[in-house]
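Peer 1: Below are the structure tokens for one structure; questions will follow.
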Amino acid sequence: MPSAGLAPRRIVQLSALFAMFALFTAQIVSALVPNVPVFVAVSAAGLALDVLLQYRDPGLLSLLGKVRFDVTVRQLLRDMLVLVALLRIDGINPLREQAPLLVALCAFYALHFACQAVAVVVRRTRTLPIVTRNIDASALRLSAAPPRILARRQGHRLLTFSVPATTGLLLTAATTDAYWGGIGLGVSLALLGGGTVHLATWLLPRKRARNEQQVVQWLDKWLADYRPTVAMYFSGGTTSAYQANMWLSTLSAIDAKPLIVLRERFMVQKIDATDVPVICFPKVSTMFSLENSTLKMMLHPANAAKTSQVLRIPTIKHAFINHGESDKLSSCNPYAKAYDEVWVAGPAARERYALAEVGVEDKDIVEVGRPQLAPIRPFSGAPTGTFTNVLYAPTWEGWDGNPGNTSVVLAGENIVRRLLADEGVRLLYKPHPMTGSVDPRAGAANERIKAMIREANTRRSGARPDSGAAAELARRTTALDQLTSTAFRESADEMERMLLQGAPEGDRETAITEATLAWEKAYWASFPEWEHQIVTEARPAIFACFNQADLLVSDVSSVVSDWLSSEKPYAVANTSGMSEEAFRTGFPTVSAGVILSPAAEGVADLLEAVRHPELDGHAAARATLKEHLLGPSDPPSLARFNAAIDDLCTQADERSVRMEARLASEIPSPRAGDAEAVAEAAEEAATEDAQEQNGAEDSVNA
80 MPSAGLAPRR IVQLSALFAM FALFTAQIVS ALVPNVPVFV AVSAAGLALD VLLQYRDPGL
140 LSLLGKVRFD VTVRQLLRDM LVLVALLRID GINPLREQAP LLVALCAFYA LHFACQAVAV
200 VVRRTRTLPI VTRNIDASAL RLSAAPPRIL ARRQGHRLLT FSVPATTGLL LTAATTDAYW
260 GGIGLGVSLA LLGGGTVHLA TWLLPRKRAR NEQQVVQWLD KWLADYRPTV AMYFSGGTTS
320 AYQANMWLST LSAIDAKPLI VLRERFMVQK IDATDVPVIC FPKVSTMFSL ENSTLKMMLH
380 PANAAKTSQV LRIPTIKHAF INHGESDKLS SCNPYAKAYD EVWVAGPAAR ERYALAEVGV
440 EDKDIVEVGR PQLAPIRPFS GAPTGTFTNV LYAPTWEGWD GNPGNTSVVL AGENIVRRLL
500 ADEGVRLLYK PHPMTGSVDP RAGAANERIK AMIREANTRR SGARPDSGAA AELARRTTAL
560 DQLTSTAFRE SADEMERMLL QGAPEGDRET AITEATLAWE KAYWASFPEW EHQIVTEARP
620 AIFACFNQAD LLVSDVSSVV SDWLSSEKPY AVANTSGMSE EAFRTGFPTV SAGVILSPAA
680 EGVADLLEAV RHPELDGHAA ARATLKEHLL GPSDPPSLAR FNAAIDDLCT QADERSVRME
740 ARLASEIPSP RAGDAEAVAE AAEEAATEDA QEQNGAEDSV NA
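Just so we're aligned, residue 80 is where the sequence shown starts under our numbering, counting upward by one.
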């Protein structure tokens, strides 16, 4: 269980904190006695432990900061105890030998705080009002970041540069010779002083970025040159980036000029590899540059608190595209009525909104299909290999705690147990990435399921791919990583990443698509066909698992809707407590599949129907349901998506024309007398300007 796995780490952390306090206690006692050997040993051990934890487990030390025992207090206490020990050790003259050491130590701390002040200023000058990707922003005078230990890691800097000083003072305590303390403090002062001067060079004009006003002016010029028409707007938490990433392929394929608009700085690096320009607007004030651009509409894959801020821009139309469609109530959020249009896959979603009665009018719903489903291969008949590949892809528990959201808690182990009991099944388990984030029971059940699968693999044996398969996967992984990720230095900050992630070269997205397909082929070839797989990483993606599987077992979620594009058999777990009839009626996406109870009794019959299509009584229903959920195959979904974009952009243009005409009609045309008055006023203003200019010239000459 997770708690058992975390226990050893917690024991180590508590032991480390106990050891730190014990060493401080021993340092105090041995300094007062004094006992020089013990004092030197515990002081050195305390500093070594602090440095080790600062680099290996800074999160643990952050807890000490909450009780006002941060790194500065700890190191200051450590050094003060050294000075106390020097006072009590015979053979050291306090006035002639210790006083200079005290002055040098005070200078070291003064220099440390000065360096910290410079670091704060440098960080502020390197924090731009916007963050970009896939845009050439070199005109903003972007530069590489200063060393992280100087600019961002105060604790690391203090402890690292204190090592020579503390070591020298301890040698002085051991030998009663102040010479060693002077050398150690001199080295620390030189290191910290040189580091401060080096850090201050980032405040010079050649390394300093442009100010906020200049950045906004540059952005306005870039928008005018690029002339975007459609943007995807996204805001969310660290685990929600997948909601935007699923639309990247569609955004890259549309006919319009696309743009990605983000609101959180960290999200810039969460977005997958794409050639579409990305702009992050952390502040509302800078985001309103979009109002004066050519942008006509925005696509919204998710509702967020910050969405209301962009809805205030009157020149832009907004369409809600969602990050997946299912029969869950969350797919019909009342927030959707805030948008100009709601784009859905097919007629089922239109009916869903009508039944939900959340204020979304039928005229505002547009059926566009699901363009990103194109890579999913269609059903080609019964499994031809030795094993039937079954994909179990449960959703997560959701925010409302409804037991019917996920099957992991009530049915997951039963489903997996019955699938593993069939010797002809190869199980692919891909849980939702947020499983266990709300309900600990889901996380615990997820871990037990993984353990069951690993244990089942120990009972199987057979031929494995040779070393060449693993080498091929490694080669494909390296090639794909080079295309999809950017290598950053450890010290790289936001500005340096902007510099490195400028305008992409060539058609990178086509290369990524080809490399991804090659990687997926190598990935599946690297495992024996009999081995069950637990897929929790971003790769392979869910669609790649679709193409590998003969059967899907899932919950009421968008996974089922997407799977239906293949028309392959599927089953849905009913953990809602509803009867099967009520469950099918309440959730239309399950109507063409097998319903599994929490005990999962129907797994054996389900597998037989997959292996023998003549026993499959849902094939025709799946084809009908596919069109009901995803719309017709002709015209293609991407064509319908482009048509919807064109239509909403046209509405935005028509609104702009009406507003311009309205404003023109509200401004009265000048009459003849007014024209003369205007001419006289203009002449007077010109005279005053000339007088002011002459006065200014006289002032300059004087």
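The beta-carbon is built from N, C-alpha and C at its ideal position, and this holds for glycine as well.
On the DSSP bridge list, what partners appear for S633?
Peer 2: Paired residues: A472 and V651.
Peer 1: Given a threshold of 16 other Cβ atoms within 10 Å of its Cβ, counted over all protein chains shown, does M738 qualify as buried or as exposed?
Peer 2: M738 is exposed by the Cβ-count criterion.
Peer 1: If you drop the 5 nearest sequence neighbours on each side, which residues of the same chain put their C-beta closer than 7 Å to that of F360?
Peer 2: Same-chain partners within the cutoff: I209, V340, R342 and M366.
Peer 1: Would A678 be called buried (16 or more neighbouring beta carbons within 10 Å of its own) or exposed?
Peer 2: Per the 10 Å Cβ criterion, exposed.
Peer 1: How about I591 and L631: are their beta carbons less than 8 Å apart?
Peer 2: Result no, Cβ atoms of I591 and L631 do not sit closer than 8 Å.
Peer 1: Can you check the segment 591–630 for any alpha helix (DSSP H) of at least 4 residues that lies completely inside it and give the ranges in chain order?
Peer 2: Segments of the alpha helix (DSSP H) lying fully in the segment 591–630: 621–627.
Peer 1: Measure the beta-carbon distance from H707 to P457 and round it to whole angstroms, keeping in mind my assumption that it falls under 8 Å.
Peer 2: The Cβ separation is near 17 Å, so there is no contact.
Peer 1: How should V673 be labelled, buried or exposed, when 16 other C-beta atoms within 10 angstroms of its C-beta is the threshold for buried?
Peer 2: Per the 10 Å Cβ criterion, buried.
Peer 1: Counting C-beta neighbours from all protein chains within 10 Å, is the total for M159 16 or more, i.e. buried, or is it exposed?
Peer 2: It is exposed - the Cβ of M159 has fewer than 16 other Cβ atoms within 10 Å.
Peer 1: Please say whether D354 and R829 have beta carbons closer to each other than 8 Å?
Peer 2: Not covered by the structure: residue 829. The range shown for the chain is 80 to 781.
Peer 1: Apart from the five residues on each side of it in sequence, which residues of its chain come closer than 7 Å, Cβ to Cβ, to A383?
Peer 2: Excluding sequence neighbours, A383 sits near S314 and G315.
Peer 1: Tell me, which residues are paired with Y312 by DSSP?
Peer 2: Paired residue(s): V340.
Peer 1: Going by alpha carbons, who is nearest to A381 out of E646, L270 and A320?
Peer 2: Comparing Cα-Cα distances from A381 to each of E646, L270 and A320, the minimum goes to A320.
Peer 1: Give every residue of the same chain whose Cβ lies closer than 6 Å to the Cβ of V504, excluding the five residues on either side of it in the sequence, and list them in chain order.
Peer 2: Closer than 6 Å at Cβ, skipping near neighbours: T467, V469 and L498.
Peer 1: Starting from F240, trace the alpha helix (DSSP H) in both directions and tell me its first and last residue.
Peer 2: F240 -> alpha helix (DSSP H) spans Q233 to T254.
Peer 1: Would A288 pass as a contact of R227 if the rule is Cβ separation under 8 Å?
Peer 2: Cβ distance not < 8 Å, so A288 and R227 don't count as in contact.
Peer 1: Please classify F662: is it buried, with 16 or more other beta-carbons within 10 angstroms of its beta-carbon, or exposed?
Peer 2: The residue is buried, with at least 16 neighbouring Cβ atoms inside 10 Å.
Peer 1: Taking the alpha carbon of A490 as the point to measure from, which residue in L238, P179, S655 and L93 has its own alpha carbon closest?
Peer 2: The candidate whose alpha carbon is nearest that of A490 is S655.
Peer 1: Give the DSSP-derived three-state secondary structure of F399 in the structure shown.
Peer 2: Three-state DSSP puts F399 in a strand.
Peer 1: I need the DSSP call for Y321, collapsed to helix, strand or coil.
Peer 2: In the structure shown, Y321 sits in a helix (DSSP, three-state: H, G or I).
Peer 1: Which of the three DSSP states is assigned to M159 in this structure?
Peer 2: Residue state, collapsed to three classes: helix.
Peer 1: With DSSP as the reference, please indicate the residues paired to V134 in a beta bridge.
Peer 2: Per the sequence shown, residue 134 should be read as Tyr rather than Val. According to DSSP, which records beta bridges pairwise, Y134 is partnered with nothing at all.
Peer 1: In the DSSP assignment, what are the bridge partners of C728?
Peer 2: Answer is none; C728 lacks a bridge partner.
Peer 1: For the beta strand (DSSP E) holding R212, just list the boundary residues, first then last.
Peer 2: It spans V210 to R212 - the beta strand (DSSP E) in which R212 sits, taken as one unbroken run.
Peer 1: Are the Cβ atoms of P413 and P473 separated by less than 8 Å?
Peer 2: No, the Cβ-Cβ distance between P413 and P473 is not below 8 Å.
Peer 1: Run through the segment 682–735 for me and flag every whole alpha helix (DSSP H) of 4 or more residues, listed as ranges in chain order.
Peer 2: Runs of the alpha helix (DSSP H) inside the segment 682–735: 682–690 and 698–709.
Peer 1: From this set, F622, L156, E608 and F606, which residue's C-alpha is nearest T595's C-alpha?
Peer 2: The residue with the shortest Cα to Cα distance from T595 is F622.
Peer 1: Quick one: any contact between the segment 390–403 and the segment 318–338, if contact means 3 or more CB pairs under 8 Å?
Peer 2: As far as the Cβ criterion goes, the segment 390–403 touches the segment 318–338, which means the pair count is three or higher.
Peer 1: Using CA coordinates, which residue listed in L709, D443, T668 and A558 is at the minimum distance from D726?
Peer 2: The residue with the shortest Cα to Cα distance from D726 is D443.
Peer 1: Among the residues of its own chain, which have a CB less than 7 Å from the CB of A765, if the five just before and after it don't count?
Peer 2: With a pLDDT of 46 at A765, under the threshold of 50, the predicted position of this residue should be treated as unreliable, and no value is reported.
Peer 1: Tell me the DSSP secondary structure of L507 in three-state form.
Peer 2: L507: strand per DSSP, three-state reduction.
Peer 1: With respect to the beta strand (DSSP E) encompassing L378, which residues constitute its N-terminal and C-terminal limits?
Peer 2: From DSSP, the beta strand (DSSP E) with L378 extends over M376 to H379.
Peer 1: Roughly how many whole angstroms lie between the Cα atoms of S222 and A620?
Peer 2: About 36 Å.
Peer 1: Does any residue of chain D bring its CB to less than 8 Å from the CB of A490?
Peer 2: Protein chain content of the structure displayed is limited to a single chain, and chain D is not contained in it.
Peer 1: DSSP three-state label for W301, please.
Peer 2: Three-state result, W301: helix.
Peer 1: Could you pull out every residue in the same chain whose Cβ sits closer than 6 Å to the Cβ of P356, ignoring the five residues on either side in sequence?
Peer 2: Only N213, I214 and L338 meet the Cβ criterion.
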